[in-house]
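Chemist: Protein sequences, first through last, are from chains A and B.
This note's numbering applies: residue 33 is where the first sequence begins, and numbers increase by one.
This note's numbering applies: residue 375 is where the second sequence begins, and numbers increase by one.
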Amino acid sequence: MENILEIKNLCKKYDNFELKNITFDLPKGMIMGFIGENGAGKTTTIKAILDIIKYNGEIKIFGLDNHKNDKKIKEDIGVVLDDMFFPEILTPNDINDTMKGIYENWDSKMFYDYLNEFSLLPNKQIKTFSKGMRKKLEIASALSHHPKLLILDEPTSGLDPVARSEVIQIFQSFIEKDDCSILLSSHITTDLEHIADYITFINNGEIVLSKTTSELLDKYGIVKCSESEFKKIDKKDYIKYKKSKYEYEVLIENKKDFKSKYNISIIDKITLDDLMVLMIKGVE
Amino acid sequence: MIGFIKKDIAMIKSNFKLMGLLFIVYAVMGLLGEMDISFILPFLSIMIMISTFSYDNYNKWDAYSITLPNGRKNSVKAKYLATILMILIVSIITIILSFVISYVNTKTINYEQILVTMFGTIFGTLLVLTFMYPIIYKYGVEKARIGIFIIVFGLVVVGGFLLQYLDLSFIAKSLSFLEDYLIIILIGITIIMVYVSYIISQKIFSKKEF
Chain A
33 MENILEIKNL CKKYDNFELK NITFDLPKGM IMGFIGENGA GKTTTIKAIL DIIKYNGEIK
93 IFGLDNHKND KKIKEDIGVV LDDMFFPEIL TPNDINDTMK GIYENWDSKM FYDYLNEFSL
153 LPNKQIKTFS KGMRKKLEIA SALSHHPKLL ILDEPTSGLD PVARSEVIQI FQSFIEKDDC
213 SILLSSHITT DLEHIADYIT FINNGEIVLS KTTSELLDKY GIVKCSESEF KKIDKKDYIK
273 YKKSKYEYEV LIENKKDFKS KYNISIIDKI TLDDLMVLMI KGVE
Chain B
375 MIGFIKKDIA MIKSNFKLMG LLFIVYAVMG LLGEMDISFI LPFLSIMIMI STFSYDNYNK
435 WDAYSITLPN GRKNSVKAKY LATILMILIV SIITIILSFV ISYVNTKTIN YEQILVTMFG
495 TIFGTLLVLT FMYPIIYKYG VEKARIGIFI IVFGLVVVGG FLLQYLDLSF IAKSLSFLED
555 YLIIILIGIT IIMVYVSYII SQKIFSKKEF
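Below you can see the structure in the form of structure tokens.
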């Protein structure tokens, strides 16, 4: 399968934080949920992909080195970043005028259609918009030049549940219309379970796993058992565990294999939230 | 590239009314024979342009601009071009107004005096751009304001000292043969210094991380 985004051994060092050998691929036409707690390295990775920060390692977008092909690559990328956008004294009309002079494929009709759909007035200054409205404007700007890759950093953070579901719907309908790939970072994992084809999980600057969502949700499970039952489980048969007041929660990689080996009946389906909590807080 | 310039112009359009008002004040004062404030207008235009850096900074536009095609290069280039464009437009309007005022007041147009004043003013504003923009790109607009104050203050003190205690007339004498070419030399120096300033800003911004 052709990869739209390839990251190999991406490293970036700060005084108090480090990205360590980040490696993952995003296949063409797929949506990847990029998850991890706040401060895990999602935004730093995205900044490296977009060349906002300097880094060591290799990043290829559309098969091209992202240092050497800035214009070509960025013509086909749509971006929504957390708290980075146009100055708020501008209006959506100004953004349309600006983008027309920046993107070769800028589609004014599409932009105004989105404004209309999102009930955003074209001549109002951005500073008069609520957080949800601003986010929708950022999304309209990101979508209106027919990008082949969308890079979205926490596009739903700070939004109420209604606005969040609206935003997710916008992405879904966009993918249906255009043949587009998406890298979507979020710490709100419920948003991703239904739309992401792949999940890449970053923790403390390292990629913990990168798999298809179906593989993750179908194969992985949480065993809930007593202490005596837990003691019978071989260390190599689980990833991490967490001890609560009454029971042990054990993260396993393959429900089927586990069932055939152990006589433990309670194996819950996993959610991305469970996975994150157990991977971060659990014990090996 | 045009898009980046349009964005900077759109940011200052709310100041156009103020500029219009100042043109009227200038015209009225000129017609009444009061003080000549023509030099203020181009200086105000560069101060307005500098204020756009604060807005950019507040909404983290610089980081966002890098995500756009050729963003690192074009956002700096656009800032310089928009500023130069703004200074030239304001200066041209001021020159035309000065011609009108001069004609109404004296029935003749004092071309030389008006043009010399405006060339000096344009040179001064571009001097501000030359020094200030690289400092803004390196340290941000707030620190740049303090920096430019120190530079101007330093120049005044050093200049004052030189003029008071040293006899510099020999420099004027030895350079007197250049008098006829003064305007051309001034334009040449201006273009070179603005270009060098642009290259420095571009270098600073190309290495910047957000």
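Virtual Cβ for every residue (Gly too), placed ideally from N, Cα, C.
I'd like to know if the region 288–307 of chain A and the region 404–413 of chain B are in contact, where contact means that at least 3 CB-CB pairs between them fall below 8 Å.
Modeler: Contact fails between the region 288–307 of chain A and the region 404–413 of chain B, because fewer than three Cβ pairs, one in each stretch, are under 8 Å apart.
Chemist: I think serine 428 of chain B touches valine 570 of chain B, with their Cβ atoms under 8 Å apart; what is that distance to the nearest whole Å?
Modeler: About 25 Å separates the two Cβ atoms, so there is no contact after all.
Chemist: Would you call the CB atoms of glycine 110 of chain A and leucine 182 of chain A closer than 8 Å?
Modeler: yes
Chemist: Any contact between the region 68–82 of chain A and the region 123–140 of chain A? By contact I mean 3 or more CB pairs, one from each, below 8 Å.
Modeler: no
Chemist: What are the uninterrupted segments assigned as beta strand (DSSP E) that are 3 or more residues long and contained completely in the region 67–153 of chain A, given in chain order?
Modeler: 88–93 and 109–112
Chemist: Going by DSSP, which residues form a beta bridge with lysine 45 of chain A?
Modeler: As a beta-bridge residue in DSSP terms, lysine 45 of chain A pairs with A/Glu50.
Chemist: Does the beta carbon of methionine 492 of chain B come closer than 8 Å to any beta carbon on chain A?
Modeler: no
Chemist: Inspect the beta-carbon positions of proline 416 of chain B and valine 464 of chain B and report whether they are closer than 8 Å.
Modeler: yes
Chemist: Between the region 117–128 of chain A and chain B, which residues of the former have CB atoms less than 9 Å from a CB of the latter, in chain order?
Modeler: Listed by position, the residues of the region 117–128 of chain A near chain B (Cβ gap below 9 Å) are Phe117, Phe118, Pro119, Glu120, Ile121, Leu122, Thr123, Asn125, Asp126 and Ile127.
Chemist: Just the chain B side, please: which residues come within less than 9 Å of leucine 113 of chain A by C-beta, in chain order?
Modeler: Those within 9 Å of leucine 113 of chain A in chain B are Lys434, Ala437, Tyr438 and Thr441.
Chemist: Can you find at least 3 beta carbon pairs, one from the region 384–394 of chain B and one from the region 274–285 of chain A, that sit closer than 8 Å?
Modeler: no
Chemist: Closest Cβ-Cβ distance between leucine 153 of chain A and chain B: below 8 Å?
Modeler: no
Chemist: Run the proximity test for aspartate 129 of chain A: is its beta-carbon closer than 7 Å to any non-hydrogen atom belonging to the ligand ADP?
Modeler: You won't find the ligand ADP in this model; it holds no ligand whatsoever.
Chemist: Compare the beta carbon distance of glutamate 281 of chain A and tyrosine 273 of chain A with 8 Å and say whether it is the shorter of the two.
Modeler: yes
Chemist: Considering only the beta carbon of each residue, do lysine 224 of chain A and isoleucine 39 of chain A sit closer than 8 Å?
Modeler: Sequence check: residue 224 of chain A is leucine here, not lysine. Pairing leucine 224 of chain A with isoleucine 39 of chain A gives a Cβ-Cβ distance that is not under 8 Å.
Chemist: Less than 6 Å between C-beta atoms, sequence neighbours within five positions excluded: which residues of the same chain meet that for phenylalanine 262 of chain A?
Modeler: Tyr280
Chemist: Within 10 angstroms of its Cβ, does asparagine 448 of chain B collect 16 or more other Cβ (buried), or is it exposed?
Modeler: buried
Chemist: Please work out which residues of its chain come closer than 8 Å, Cβ to Cβ, to asparagine 484 of chain B, disregarding the five sequence neighbours upstream and downstream, and give them in chain order.
Modeler: Within the same chain, Cβ atoms closer than 8 Å to the Cβ of asparagine 484 of chain B are found at Ser476, the five residues on either side in sequence being excluded.
Chemist: Tell me, to the nearest whole angstrom, how far the beta carbon of isoleucine 557 of chain B is from that of phenylalanine 493 of chain B; I am working on the premise that it is less than 8 Å.
Modeler: With a Cβ gap of about 6 Å, isoleucine 557 of chain B and phenylalanine 493 of chain B count as contacting.
Chemist: Is the Cβ of lysine 577 of chain B closer than 8 Å to any Cβ of chain A?
Modeler: no
Chemist: Are the CB atoms of lysine 547 of chain B and methionine 116 of chain A nearer to each other than 8 Å?
Modeler: no
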